[in-house]
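*Asks:* Have a look at this one before I ask anything.
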Amino acid sequence: MPVNCRYDLAIALGILAADGQVPTATLAEVECLGELALSGKLRPVQGVLPAALAAREAGRALVVPRENAEEASLAGGLVVYAVGHLLELVAHLNGQVPLPPYAANGLILQQRPYPDLSEVQGQLAAKRALLLAAAGAHNLLFTGPPGTGKTLLASRLPGLLPPLDEHEALEVAAIQSVSGHAPLSSWPQRPFRHPHHSASGPALVGGSSRPQPGEITLAHHGVLFLDELPEFERRVLEVLREPLESGEIVIARARDKVRFPARFQLVAAMNPCPCGYLGDPTGRCRCSTEQIARYRNKLSGPLLDRIDLHLTVARESTTLNNQPCGETSADVAAKVAQARELQQRRQGCANAFLDLEGLRHHCGLAAADQAWLEGACERLNLSLRAAHRLLKVARTLADLEGSQAIGRAHLAETLQYRPGSS
1 MPVNCRYDLA IALGILAADG QVPTATLAEV ECLGELALSG KLRPVQGVLP AALAAREAGR
61 ALVVPRENAE EASLAGGLVV YAVGHLLELV AHLNGQVPLP PYAANGLILQ QRPYPDLSEV
121 QGQLAAKRAL LLAAAGAHNL LFTGPPGTGK TLLASRLPGL LPPLDEHEAL EVAAIQSVSG
181 HAPLSSWPQR PFRHPHHSAS GPALVGGSSR PQPGEITLAH HGVLFLDELP EFERRVLEVL
241 REPLESGEIV IARARDKVRF PARFQLVAAM NPCPCGYLGD PTGRCRCSTE QIARYRNKLS
301 GPLLDRIDLH LTVARESTTL NNQPCGETSA DVAAKVAQAR ELQQRRQGCA NAFLDLEGLR
361 HHCGLAAADQ AWLEGACERL NLSLRAAHRL LKVARTLADL EGSQAIGRAH LAETLQYRPG
421 SS
């Protein structure tokens, strides 16, 4: 659908007003959106929710096609008029047949169930990393051979995160609306995006001649899962560096410069080598040292620095696992909610989003622990950015334990999640 079609109704009303068939004063009180058929029937359009939010901000009512009325009603406090034909609206504006404001049908909660963490047997270390990632909004990378449950684990993360608040839910729905998705199909629910490794740069970060949101924007306030991370083109992955820091992406074109939100949580998975079996006790790996180095060099140091938690997911016994299933998603989500609430009260954001001032204020260490950490970072050759992210993860560990101060034990556990720390 051409973008201009959404203005058909407004253009038609402007022509009618110029001809004296519609009073100009009544048009000043409403915003109108909709495609117009030759018969005068109104057809649905994309991007209704952002328009509804803007109309509410401006203190005006909104006229939309009937099919878009439920979406527009998500902007609470907005007067919405649902219209099926141009003549209906003309009669309303002339005071002949007033239209009643649209009454929402109550289709607000349409959540899809998340897969449960208890369905994943074993992998206690990976589940611990998921808890940390959820509690502090940290980025996470799973490395391990095929069949160890990396994808299974990643798909459980959205079910551990706190529910969207109203502002976040409206932002997510507005993005889906602009992108042509149905915002009411899973409302209000955190997105989980899983693009294929063949995805192009514009598909991942947004683009085309008329800039459209990409996967990182569709994952806003949710999870972006990149499986087979080294199989993505390196130039595509490098574009992630800025939005991982800023939470937004700027797409520049000859005539346009568009800024899209992109505050997503990255979860990635990869094999340890091209064949996937490096370190397998059966000796199945036949990759050369050069092949392994070339494979891993597809991921730049600056990109890996922006991933807070690095975990090797080991292959567990192939015999039937008789261990208890462990905690459910609801059990873990309760711990996550408690930690996130503490962070919100203390600093107004999750630990992963602390800036340098917040880091100094909320992640201070005792002198002995500071010296110990500096020595550890020197031995592991960690960058300053990696050290800062390490401190944020340690802060999350302390929050989960209800500790006001970051201790040596928190730092020691956090170091296990940095490359080369094992």
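Sequential numbering from 1 applies to the sequence shown in UniProt numbering. We put the CB at the ideal spot given by N, CA and C, even for glycine. Please read these numbers as outputs of a predicted model, since none were measured by experiment.
1) Using the C-alpha atoms, what's the distance from residue 86 back to residue 66?
2) List the endpoints of the continuous alpha helix (DSSP H) containing residue 501.
3) Do residue 52 and residue 78 have their C-beta atoms closer together than 7 Å?
4) Classify residue 161 as helix, strand or coil using the three-state DSSP reduction.
5) Figure out for me which residue from 272, 143, 174, 178 has the closest Cα to the Cα of residue 295.
6) Starting from the Cα of residue 6, find the closest Cα among 59, 24, 29, 68 and give me that residue.
7) Please report the residue range of the beta strand (DSSP E) in which residue 32 lies.
8) Do you know whose CA, among 230, 200, 216, lies nearest residue 246's CA?
9) Let's test the definition: count the other Cβ atoms within 10 Å of the Cβ of residue 329 and tell me whether it reaches 16, buried, or not, exposed.
10) Under a three-way DSSP split, which group does residue 313 fall into?
11) With 7 Å as the threshold, decide whether the Cβ of residue 380 is near any Cβ in chain C.
12) Please name the residue in 363, 279, 402, 366 whose C-alpha comes closest to that of residue 145.
13) Can you list, in chain order, the residues of its chain with a C-beta nearer than 6 Å to that of residue 36? Leave out the 5 residues immediately preceding and following it.
14) Considering Cα atoms alone, identify which of 135, 62, 113 is closest to residue 99.
15) Tell me the rounded alpha-carbon separation between residue 262 and residue 285.
16) Do you know how far the Cα of residue 224 is from the Cα of residue 197?
17) In this structure, how does DSSP classify residue 207 when only helix, strand and coil are distinguished?
18) Considering residue 224, what are the terminal residues of the beta strand (DSSP E) in which it resides?
19) Which residue wins for smallest C-alpha separation from residue 310, given the options 331, 93, 291, 269?
20) On the three-state DSSP scale, how would you describe residue 6?
21) Any chance the segment 337 to 351 sits against the segment 393 to 413, with 3 or more Cβ pairs inside 8 Å?
22) Sorted by chain position, which residues of the same chain lie with C-beta nearer than 8 Å to residue 336's C-beta, five sequence neighbours on each side aside?
23) Less than 7 Å between C-beta atoms, sequence neighbours within five positions excluded: which residues of the same chain meet that for residue 275?
24) Report, in whole angstroms, the separation of the C-beta atoms of residue 347 and residue 358, which I expect to be a contact under 8 Å.
25) The alpha helix (DSSP H) that contains residue 176, what's its start and end?
26) Return the CA-CA distance between residue 46 and residue 395, expressed in angstroms with no decimal places.
27) In this structure, does DSSP put residue 252 in helix, strand or coil?
28) Identify every run of the alpha helix (DSSP H) within the segment 358 to 400, keeping only runs that are complete inside it and at least 4 residues long; order them along the chain.
29) Measuring straight from C-alpha to C-alpha, what distance separates residue 436 and residue 249?
30) I'd like to confirm the pairing. Which residues does DSSP put opposite residue 67 in its beta bridges?
31) Starting from residue 261 and walking both ways along the alpha helix (DSSP H), at which residues does that stretch end?
32) Taking 7 Å as the threshold (C-beta atoms), are residue 411 and residue 380 in contact?
33) Compute the beta-carbon to beta-carbon distance between residue 219 and residue 193, rounded to the nearest angstrom, for a pair I have assumed lies under 8 Å.
34) Tell me whether residue 24 is buried or exposed, calling it buried when 16 or more other Cβ atoms sit within 10 Å of its Cβ.
*Replies:* For this structure:
1) Here the question's residue 66 lines up with position 66 in the sequence shown. Here the question's residue 86 lines up with position 86 in the sequence shown. Between the alpha carbons of residue 66 and residue 86 lies a distance of about 12 Å.
2) The displayed coordinates of the chain run from 1 to 422. Any statement about residue 501 would go beyond what the structure contains.
3) Stepping through the sequence shown from its first residue, residue 52 is reached at position 52. Stepping through the sequence shown from its first residue, residue 78 is reached at position 78. A contact, by the Cβ cut-off of 7 Å.
4) Translated into positions along the sequence shown, residue 161 becomes position 161. Coil.
5) Position 295 of the sequence shown holds residue 295. Per the Cα distances, 272.
6) Within the sequence shown, the letter at position 6 stands for residue 6. Comparing Cα positions, the closest option is 68.
7) For this step, residue 32 is matched to residue 32 along the sequence shown. Residues 30 to 32.
8) Working through the sequence shown from its first residue, we reach residue 246 at position 246. Cα-wise, what sits closest to residue 246 is 216.
9) Stepping through the sequence shown from its first residue, residue 329 is reached at position 329. Buried, by the Cβ-count rule.
10) Position 313 of the sequence shown, counted from the start, is the residue given in the question as residue 313. Coil.
11) This model lacks chain C altogether; it includes just one protein chain.
12) As a first step, residue 145 is located in the sequence shown; it is residue number 145 there, counting from the start. When only C-alpha atoms are compared, the closest one is 279.
13) For the purposes of this step, residue 36 is identified with residue 36 of the sequence shown, where counting begins at 1. Hits under 6 Å: 8, 9, 12.
14) Here residue 99 refers to the residue found at position 99 when the sequence shown is read from its first residue. With distances taken between Cα atoms, residue 99 lies closest to 62.
15) Indexing the sequence shown from 1 puts residue 262 at position 262. Indexing the sequence shown from 1 puts residue 285 at position 285. Roughly 38 Å separates the two Cα atoms.
16) Taking the sequence shown and counting its residues from 1, the one referred to as residue 197 is at position 197. Taking the sequence shown and counting its residues from 1, the one referred to as residue 224 is at position 224. Rounded to the nearest angstrom, the two C-alpha atoms are 12 Å apart.
17) By 1-based counting over the sequence shown, the position of residue 207 is 207. Note: residue 207 maps to strand in three-state DSSP.
18) Within the sequence shown, residue 224 is the residue found at index 224, counting from 1. The continuous beta strand (DSSP E) containing residue 224 extends over residues 223 to 226.
19) On the sequence shown, position 310 is the one that residue 310 refers to. Cα-wise, what sits closest to residue 310 is 269.
20) Taking the first residue of the sequence shown as 1, we reach residue 6 at position 6. The DSSP-derived three-state label of residue 6 is helix.
21) The segment 337 to 351 vs the segment 393 to 413: in contact.
22) Locating residue 336 in the sequence shown gives position 336, counting from the first residue. In its chain, beyond the 5 residues on either side, 131, 134, 135, 160, 161, 162 have a beta carbon closer than 8 Å to the beta carbon of residue 336.
23) Walking along the sequence shown from the start, residue 275 turns up at place 275. Cβ neighbours of residue 275 within its own chain (closer than 7 Å, five residues either side excluded): 285, 286, 287.
24) The residue given as residue 347 occupies position 347 in the sequence shown. The residue given as residue 358 occupies position 358 in the sequence shown. Right, the Cβ-Cβ distance comes to about 5 Å (below 8 Å), so this counts as a contact.
25) For the purposes of this step, residue 176 is identified with residue 176 of the sequence shown, where counting begins at 1. Counted as a single uninterrupted DSSP element, the alpha helix (DSSP H) harbouring residue 176 occupies residues 166 to 178.
26) The residue labelled residue 46 in the question sits at position 46 within the sequence shown. The residue labelled residue 395 in the question sits at position 395 within the sequence shown. Distance between residue 46 and residue 395, taken at the CA atoms: about 42 Å.
27) The sequence position of residue 252 within the sequence shown is 252, counting from 1. In this structure, residue 252 counts as strand in the three-state DSSP scheme.
28) List check, alpha helix (DSSP H) in window: 367 to 380, 384 to 400.
29) As displayed, the chain neither begins before 1 nor continues past 422, which places residue 436 out of reach and without an answer.
30) As a working note, residue 67 is residue 67 in the sequence shown. Residue 67 is not bridged to any residue.
31) Here residue 261 is taken as the residue at index 261 of the sequence shown, counted from 1. Residue range 257 to 261 is occupied by the beta strand (DSSP E) that includes residue 261, with no alpha helix (DSSP H) assigned at that position.
32) Here the question's residue 380 lines up with position 380 in the sequence shown. Here the question's residue 411 lines up with position 411 in the sequence shown. No, the Cβ-Cβ distance between residue 380 and residue 411 is not below 7 Å.
33) Mapped onto the sequence shown, residue 219 falls at position 219. Mapped onto the sequence shown, residue 193 falls at position 193. Contact between residue 219 and residue 193 holds, with the beta-carbon distance rounding to 4 Å and staying under 8 Å.
34) Within the sequence shown, numbered from 1, the residue matching residue 24 stands at position 24. Counting every other CB atom within 10 Å of its CB across the protein chains shown gives residue 24 a total below 16, marking it as exposed.
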